[in-house]
Every structure is written in structure tokens, then in C-alpha cells.
Amino acid sequence: MDFLTGGSKNTWQPMMGPDTTISSYWLNWRMLLCCVWILTAMGMASYLITKYEGPLHRKSRNRENDDGDDDDYGGVLYDDEVWMPCLKGIHPAWLMTYRIFAFFVLLILIILNAIVDGGGIFYYYTQWTFTLITIYFGIGSLLSIYGCYKYHYKGGGNRSEKLDEEQADITNLHNAAKFVSHADHNHPRQVAGFWGYIFQIIFQMEAGAVVLTDCVFWFIMVPFLAIKDYNLNFLIIIMHSINVVFLIGDTALNSLRFPWFRIAYFILWTCVFVVFQWIVHACIALWWPYPFLDISYPLSPLCYKIEAFSSIKMVP
Numbered sequence: 001m002d003f004l005t006g007g008s009k010n011t012w013q014p015m016m017g018p019d020t021t022i023s024s025y026w027l028n029w030r031m032l033l034c035c036v037w038i039l040t041a042m043g044m045a046s047y048l049i050t051k052y053e054g055p056l057h058r059k060s061r062n063r064e065n066d067d068g069d070d071d072d073y074g075g076v077l078y079d080d081e082v083w084m085p086c087l088k089g090i091h092p093a094w095l096m097t098y099r100i101f102a103f104f105v106l107l108i109l110i111i112l113n114a115i116v117d118g119g120g121i122f123y124y125y126t127q128w129t130f131t132l133i134t135i136y137f138g139i140g141s142l143l144s145i146y147g148c149y150k151y152h153y154k155g156g157g158n159r160s161e162k163l164d165e166e167q168a169d170i171t172n173l174h175n176a177a178k179f180v181s182h183a184d185h186n187h188p189r190q191v192a193g194f195w196g197y198i199f200q201i202i203f204q205m206e207a208g209a210v211v212l213t214d215c216v217f218w219f220i221m222v223p224f225l226a227i228k229d230y231n232l233n234f235l236i237i238i239m240h241s242i243n244v245v246f247l248i249g250d251t252a253l254n255s256l257r258f259p260w261f262r263i264a265y266f267i268l269w270t271c272v273f274v275v276f277q278w279i280v281h282a283c284i285a286l287w288w289p290y291p292f293l294d295i296s297y298p299l300s301p302l303c304y305k306i307e308a309f310s311s312i313k314m315v316p
């Protein structure tokens, strides 16, 4: 196990801070400001989801429009987009194989990480994100298997060529969803179901979370740990690199669109992690996985404000 855990005894060990189970730790002006920033971010994210999300937005449009043209907005997701590659010459089986391979590699790594370092790793945002991207590739593998079945047994080849031509034209238009709605009345595309929307939501949550975790690790934590002469083992390094590699590869292959309002799910994901940490530390005197989350830190309101509003500004 030395290859995975590193040979040096000087490894990262979180330090215990003040007692977080006493009321004075939470009942102060710093906690009040932190709550304001986090609740503001969650409120803005919830508003964007309610306003623009596909099924919710379509219901509100149905009450206003009776012309049946209720899918001409960026939030709609079609069934074939979750399993069809973006390039015409690539068979869906290649995307399916890629997702299955990525799923098993990520699953093995997260299990190995839990065995080597214990269950305490799941206090970290990195492991939350890594687990979520593993779930993403698991769901994606099942959807791709389903898509390959449809492609092979239900005449998907001819249909896919038509859709590929449409998608090539769509890239040259400003309003992609509106074009599809008007161009395909004679052969309406099937709107994705529950798991299709869950799949795209996780995709866009991961897009922000993976970038956040890897940037914080490589540009902030690695220089700090190097100064303190801490050892970075192989498992830590690979878990902060292979996730983004697999996600970029899937992004290059898949047909999923990226409506920017769904970055709100990433904001909610990050805020839920923070609230989870608050609840755990209010019940148990425990070390903080990230020092800037510690409410007793004098600049903690500023850190929470930066975290909340930097996420909000990612949404145009």
C-alpha cells in the first residue's frame, strides 16, 4: 500500500479547532452573515431552476400558449441526446464503452480511497464530487445501453443521420431549441424522461464542481502542502486529475447541450455541502475539512460571501 499512501510519514492530518457543539460558536454575527450569503445563493439558484427548468417551464408555457409549440426554449432535453454521440461517424456503442470503462475505473478508485483512508474522506467536497461523477457515468452507461438497443433494433441509424444533419445546422443558429421545434413537426423527437433529465443535471453539476475542486487542489492546496513538506501520494494525485479527464472526454463525445441556467444545480450542490457540514459540526466536535468553513475564523463571512457570489456570477 505504500505506492498508494506514500512512503513519508508526513501526511495531511486536519487539525481540531474550537468546540463546535457549544451554542456560542454558532450564535454570533459571523454565523448570521454566513447564513445570509448561503441562503441568498440557494434562493437565486432555486429561482433559476423554477423559471427555466424544462418540465416546470413547459407547464407554465402550456397555460399561456395553445399552439403546441412549447419546447422552443433552452431547457428541453431530447431522448436521443443522452446517448447519441455528437459526431456523425461515431457509433453510439463507442460512447457506451467509454462510459462503462470510466464508471468502473472511478468506482474502483473511490472504493480504494475509502479502504486506504477510511470513511472520513467523505467529509471532503472532493469525495462528494468524485462519488457524484461516478454515479453520472453509471447512469450514463445504462442510458447508452438503452440507446444502443434502440439504435440497433428500431431503425435508429437512419433517424440518427437525420438528427446529425439537424444538429449541424443548429450550431449555426442562435436559437437552437426553436429551430428543432419548427423543423421537426412531421417527426417529433421524444423528450427525455426522468433519468435523462437527472443525467444532464448531474452533468452540469459536475462541470462546475470538478473545475472547482481541481483548481482549489492544484492552485491552492498543493503549493501550501509543498511548503509544509507534506507528502502527496499517488491516490490523491490521480483522484484530482482523472475525474476531469473523463468528464472532458465525455463532453467531447456526447450530444448534451449546456443551458447555463442549470449551473444553479451546482450552486445548490455546493450549498448543500456547506449546510451538511454545519449540521454535522453542530452535533459532533469534529475537525473542519477546509479551514475557511470554520465559523470562528475572523474572515469566515468574507470567505462564505466570495463562495456564494462567485457561484451566482457564473449564471448570466
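Taking the UniProt record's numbering, I'd label the letters of the sequence shown as residues 1 to 316.
Each residue gets a CB set at the ideal place from its N, CA and C atoms; glycine is no exception.
Next item on the list: Keeping to the same chain, check which residues put their C-beta closer than 8 Å to that of I145; ignore five residues upstream and five downstream.
Entry: The residue labelled residue 145 in the question sits at position 145 within the sequence shown. If we look at I145 and ignore the five residues flanking it on each side, its Cβ neighbours are M96.
Check: Apart from the five residues just before and just after I220, which ones in its own chain have a Cβ nearer than 6 Å to its Cβ?
Finding: What you label residue 220 is simply residue 220 of the sequence shown in a count that begins at 1. Around I220: no qualifying Cβ.
Checklist line | Three-way DSSP call (helix, strand, coil) for V191 in this model | finding: Translated into positions along the sequence shown, residue 191 becomes position 191. Here V191 sits in strand by DSSP.
Notebook entry, point to check: Going by C-alpha distance, which of H281, L302, L77, V244 is nearest L106?
Noted result: In the sequence shown, residue 106 corresponds to position 106, counting from 1. Cα-wise, what sits closest to L106 is V244.
Next item on the list: Give a yes or no on whether the C-beta atoms belonging to C271 and M42 are separated by under 9 Å.
Entry: Stepping through the sequence shown from its first residue, residue 271 is reached at position 271. Stepping through the sequence shown from its first residue, residue 42 is reached at position 42. The answer is yes: Cβ separation under 9 Å.
Next item on the list: Let me know if C34 comes out buried or exposed under the rule of 16 or more other beta-carbons within 10 Å of its beta-carbon.
Entry: Indexing the sequence shown from 1 puts residue 34 at position 34. C34 should be labelled buried.
Next item on the list: State whether the stretch 135-154 contacts the stretch 99-114, with contact taken as three or more CB pairs (one from each stretch) at a distance under 8 Å.
Entry: yes
Item checked: Cβ neighbour criterion (16 or more within 10 Å) applied to W37 -> Locating residue 37 in the sequence shown gives position 37, where the first residue counts as 1. Buried, because 16 or more other Cβ atoms sit within 10 Å of the Cβ of W37.
Margin query: Can you look up Y78 in the DSSP assignment and give me helix, strand or coil?
Written below: In the sequence shown, residue 78 corresponds to position 78, counting from 1. Note: Y78 maps to strand in three-state DSSP.
Item checked: Span of the alpha helix (DSSP H), counted from its first residue to its last, around K51 -> To locate residue 51, count along the sequence shown from 1; it is residue 51. Unbroken alpha helix (DSSP H) run through K51: 29-52.
Next item on the list: In angstroms with no decimal places, state the Cα-to-Cα distance between Y197 and P18.
Entry: Here residue 197 refers to the residue found at position 197 when the sequence shown is read from its first residue. Here residue 18 refers to the residue found at position 18 when the sequence shown is read from its first residue. Near 42 Å, if we compare the C-alpha coordinates of P18 and Y197.
Note to self: Let me confirm a value: V210 is counted as buried when at least 16 other C-beta atoms fall within 10 Å, else exposed. Which label applies?
What the structure shows: On the sequence shown, position 210 is the one that residue 210 refers to. Note on V210: 16 or more other CB atoms within 10 angstroms of its CB, so buried under the neighbour-count rule.
Item checked: Proximity of Q127 and I135 at Cβ, strictly below 9 Å -> Walking along the sequence shown from the start, residue 127 turns up at place 127. Walking along the sequence shown from the start, residue 135 turns up at place 135. Taking 9 Å as the Cβ cut-off, Q127 and I135 do not qualify as a contacting pair.
Notebook entry, point to check: Does the separation of the CB atoms of Y98 and Y290 fall below 9 Å?
Noted result: Here residue 98 refers to the residue found at position 98 when the sequence shown is read from its first residue. Here residue 290 refers to the residue found at position 290 when the sequence shown is read from its first residue. Going by C-beta atoms, Y98 is not nearer than 9 Å to Y290.
Note to self: Considering Cα atoms alone, identify which of I279, W94, V116 is closest to C148.
What the structure shows: Position 148 of the sequence shown, counted from the first residue, corresponds to residue 148. Looking at the Cα atoms, W94 is the closest of the given residues.
Next item on the list: Figure out for me which residue from M31, A252, Y52, S23 has the closest Cα to the Cα of S300.
Entry: Within the sequence shown, numbered from 1, the residue matching residue 300 stands at position 300. Among M31, A252, Y52, S23, the Cα nearest to that of S300 is on M31.
Next item on the list: Measure the alpha-carbon distance for S241 versus C283 and round it to whole angstroms.
Entry: Reading the sequence shown from its first residue, position 241 is the one you call residue 241. Reading the sequence shown from its first residue, position 283 is the one you call residue 283. The straight-line gap from Cα to Cα measures roughly 34 Å.
Next item on the list: Would you grab the beta carbon distance between I295 and W29 for me? Rounded to a whole angstrom, and I think it's under 8 Å.
Entry: By one-based count along the sequence shown, residue 295 stands at place 295. By one-based count along the sequence shown, residue 29 stands at place 29. With 8 Å as the limit, I295 and W29 do not qualify as a contact, their Cβ atoms being about 10 Å apart.
Next item on the list: Compute every distance between the C-beta of Y290 and the non-hydrogen atoms of the ligand ZN, then say whether any falls below 8 Å.
Entry: The ligand content of the structure shown is nil, which means the ligand ZN is not present either.
Check: Using the beta-carbon count (16 or more within 10 Å), is I248 buried or exposed?
Finding: Within the sequence shown, the letter at position 248 stands for residue 248. It counts as exposed.
Check: Thinking just about the alpha-carbon of each residue, which of V275, I238, I267 is nearest to the one in I202?
Finding: Along the sequence shown, read from residue 1 onward, the residue named residue 202 stands at position 202. Comparing Cα-Cα distances from I202 to each of V275, I238, I267, the minimum goes to I267.
Checklist line | Helix, strand or coil at G196 [DSSP, three-state] | finding: To locate residue 196, count along the sequence shown from 1; it is residue 196. Of the three classes helix, strand and coil, the one that applies to G196 here is helix, per DSSP.
Next item on the list: Give a yes or no on whether the C-beta atoms belonging to V82 and A192 are separated by under 9 Å.
Entry: The residue given as residue 82 occupies position 82 in the sequence shown. The residue given as residue 192 occupies position 192 in the sequence shown. The answer is yes: Cβ separation under 9 Å.
Notebook entry, point to check: Going straight from the alpha carbon of I279 to that of T20, what length do you get?
Noted result: Position 279 of the sequence shown, counted from the start, is the residue given in the question as residue 279. Position 20 of the sequence shown, counted from the start, is the residue given in the question as residue 20. Their backbone Cα atoms lie some 10 Å apart in a straight line.
Next item on the list: Would you kindly report the start and end of the unbroken alpha helix (DSSP H) that includes M239?
Entry: One-based indexing of the sequence shown puts residue 239 at position 239. M239 -> alpha helix (DSSP H) spans 234-239.
Next item on the list: Return the chain-ordered list of same chain residues with a C-beta closer than 6 Å to the C-beta of Q200, the five sequence neighbours on each side being excluded.
Entry: On the sequence shown, residue 200 is found 200 positions in, with the first residue counted as 1. If you ignore the 5 residues before and after Q200, its C-beta comes within less than 6 Å of the C-beta of L77, L256, all in its own chain and listed in chain order.
Next item on the list: Would you kindly work out how many angstroms separate the C-alpha atoms of F234 and V116, rounded to a whole number?
Entry: Numbered from 1 along the sequence shown, position 234 holds the residue referred to as residue 234. Numbered from 1 along the sequence shown, position 116 holds the residue referred to as residue 116. Using only the alpha carbons, I get a separation of about 12 Å.
Check: Can you tell me the Cα-Cα spacing of P223 and L232, whole angstroms?
Finding: Residue numbering aside, residue 223 sits at position 223 when the sequence shown is read from its first letter. Residue numbering aside, residue 232 sits at position 232 when the sequence shown is read from its first letter. Cα to Cα, P223 sits roughly 11 Å from L232.
Item checked: Q277 versus K150 - alpha carbon distance -> Taking the first residue of the sequence shown as 1, we reach residue 277 at position 277. Taking the first residue of the sequence shown as 1, we reach residue 150 at position 150. One C-alpha to the other measures close to 43 Å.
Notebook entry, point to check: Which whole-angstrom value describes the C-beta separation of F130 and I110, a residue pair presumed to lie in contact below a C-beta threshold of 8 Å?
Noted result: Taking the sequence shown and counting its residues from 1, the one referred to as residue 130 is at position 130. Taking the sequence shown and counting its residues from 1, the one referred to as residue 110 is at position 110. Confirmed, about 6 Å.
Note to self: On the CB-based measure, 16 or more other CB atoms within 10 Å of its CB, does G89 come out buried or exposed?
What the structure shows: Taking the sequence shown and counting its residues from 1, one reaches residue 89 at position 89. Exposed: under 16 other Cβ atoms inside 10 Å.
Item checked: Local conformation of S141 per DSSP, three classes -> To locate residue 141, count along the sequence shown from 1; it is residue 141. In the displayed model, S141 falls within a helix according to three-state DSSP.
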